[in-house]
Every structure is written in structure tokens, then in C-alpha cells.
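J.: Numbering (our numbering), first residue to last: 898 to 1088.
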Amino acid sequence: MIGFVDGKLLYKTSQHLIILTGGIGFKIFTTVDLINASETGQKISLFTYTHVKDDALDLYGFANPENLAMFELFLSVSGIGPKTAMSIFSAGKIERIKEAIVKGDVAFFSAVPRLGRKNAQKIIIELRSKLGSLGELDLAAESGESKEIIDALKSFGFSPSETKEALRSVSDSQGTTSDKIKLALKFLGRK
């Protein structure tokens, strides 16, 4: 199987890139963000997934191993093929996708073309437990109000896992940042 392709971008469409390496042009399906960020003639390196069908051998490319791992997790869900998995990547950045899984955001996945409500629920149910540490919200990447809440809870001596749990408990709450910090403290006080 082909796991990595490094070469010069020869051609691009709205769904795939053709990368020239060693005199061979590889057609690699990839994300819209990666296609838009790529310029013809530039050097490009992609981590790839090889999908073998009866009548075709397709390559799917990603900028980093984390995105590739997430793609492979989507494929582990029954009823989700590579094209549907690629559509999910077009719906948002990987952090947002992980957050939708962790929070059980069915609406996020239901909005993806080729993916109905039933499959959206299946993705959340099957992947929430598989994500493990991969699915934990990255506290360092938080910004704005979430960061203020995290910093406040950390200053009270709560662990990162407690902080993440409390943040998830107040994420849909209404009110000011101070109100949410109070709610998070109440949540942690009940434990």
C-alpha cells in the first residue's frame, strides 16, 4: 500500500490533486482546504490512505498523520466510505470534528452531504469511545471565553481532565463568562 507521496503538484481539480513523483502522476483525493492551499508546480507531501475496490485503486491524501488517523476512524464506522469521510473533512477543521464527536453534535454531522441523521448518530456512538485521548478537547487551543473558564478553573487547582469535563458541562449554558465559571465550579463541587 502507498502510505506517503512526495512530489510536485502537476494539476488540481475541486476534488483531487495529481502529484508527479518519479515520473508517475498520482491522482490523490484530498480535502478542499488542502486543494485551495496548494499551487501548481509547488512541492507537496501527503500521508495517504490506499482504498482498494474491485475496479479501482484510489488514494486519499492528508497533510499530517493525525488527519489520516481520523479518516481511518471514520472508515471503521459501518456505512461510511472514503468519499463520505472526505465530505466530513470538508465540513470543518479536525478540532471541530473531534469536538462534535465528543459533545455528541448530531446537527454538525447531519449537515454533511451524503450523511443522514442515522449515520451521524452512528459516527458519534462508535467513535466517541474509540477517540480516547485523540478526542480530548485540546485546552491549549481554546480561545476567548473557553480559555478564560479554563484558566479560572486551573487557578483553583483543578486537573486538566476535570477542567475539560467542567467546560463540556457549561458549553451550552447561557450567561456571562463569570456565570459559566460559577456553573463549572458547582459542577465540580458535586463530584
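Glycine is no exception: its CB is placed at the ideal position from the N, C-alpha and C atoms.
Treat the numbers as computed from the prediction; the structure is a model and nothing was measured.
(1) What would DSSP say about residue 1086, mapped onto helix, strand or coil?
(2) State buried or exposed for residue 1087, treating a residue as buried only when at least 16 other CB atoms are found within 10 Å of its CB.
(3) If you scan the segment 949-1018 from start to end, which runs of the alpha helix (DSSP H) of 4 or more residues do you find wholly inside it?
(4) Assuming residue 1063 contacts residue 1081 (C-beta within less than 8 angstroms), just tell me the rounded distance between them.
(5) Could you check what DSSP says for residue 1031 in three-state terms: helix, strand or coil?
(6) Determine the extent of the alpha helix (DSSP H) in which residue 1060 is found, giving its start and end residues.
(7) If we call anything under 8 angstroms between Cβ atoms a contact, is residue 971 one with residue 985?
(8) Span of the beta strand (DSSP E) holding residue 932?
T.: So, from the listed chains and residues:
(1) helix
(2) exposed
(3) 962-972, 979-988, 991-1000 and 1003-1007
(4) 4 angstroms
(5) At residue 1031 the pLDDT is 47, less than 50, meaning the model places this residue with poor confidence and gives no usable figure here.
(6) Secondary structure note for residue 1060: its alpha helix (DSSP H) is the uninterrupted segment 1057-1067.
(7) yes
(8) For residue 932, there is no enclosing beta strand (DSSP E); the residue is found in the alpha helix (DSSP H) stretching over 929-934.
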